[in-house]
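Single-structure report; data block below.
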C-alpha cells in the first residue's frame with residue numbers, strides 16, 4: 001500500500017498545527033464553523049491516510065494507530081489555548097519523529 005499524500009503534505013500540516021497553537025496561546029479565539037471545522041475536514045484525511053503508510057520493524061501497525069490518535073487530538077487541541085504546552089510538544093514530537101522516519105525509510 002502506498003500513501004496518497006507526501007512527506008511535504010505532513011510537514012505543512014505540522015507547521016500549520018504549530019502556527020495555530022501559537023495563535024491560540026497568544027489569545028486568538030477560533031470560530032468553530034469558520035476556522036476549526038474546515039481545518040478538521042481538510043486535514044483529518046491526512047490522519048486517516050497514515051493507515052496507508054508501509055510498515056517496517058519500527059513503524060508498526062500499533063505505532064501507526066498511535067500516530068493517528070495523536071494527530072487527531074492535535075487537530076482539535078491546537079485551537080485551545082489552555083491545552084498543555086508540554087503535552088502539545090510531546091504529541092507533536094511523536095508525530096514528527098515518525099513522519100520523518102517514514103519519509104527516510106520510504107514508507108510514505
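In my numbering, the protein residues as written are 1 to 108. Built from N, CA and C at the ideal position, the CB exists for glycine as well.
Just to confirm before moving on: does the CB-CB distance between residue i and residue j stay below 8 Å?
i, j, result
"residue 99", "residue 21", "no"
"residue 64", "residue 73", "no"
"residue 58", "residue 12", "no"
"residue 75", "residue 37", "no"
"residue 92", "residue 40", "no"
"residue 84", "residue 24", "no"
"residue 46", "residue 5", "yes"
Take the Cβ of residue i as the centre, count every other Cβ of all protein chains shown within 10 Å, and call the residue buried at 16 or more, exposed below.
i, result
"residue 120", "Since the displayed the chain opens at 1 and closes at 108, residue 120 lies outside it and no answer follows."
"residue 89", "exposed"
"residue 87", "exposed"
"residue 109", "Missing from the structure shown is residue 109; the chain here goes from 1 to 108 and no further."
"residue 26", "exposed"
"residue 32", "exposed"
Could you check which residue in the options has the C-alpha nearest to that of residue i?
i, options, result
"residue 61", "107, 16, 13, 7", "107"
"residue 67", "94, 54, 86, 78", "94"
"residue 35", "53, 8, 16", "16"
"residue 7", "38, 31, 49", "49"
My parser needs the alpha helix (DSSP H) runs of 4 or more residues fully inside the region 8–69; what are they?
You should have 37–49.
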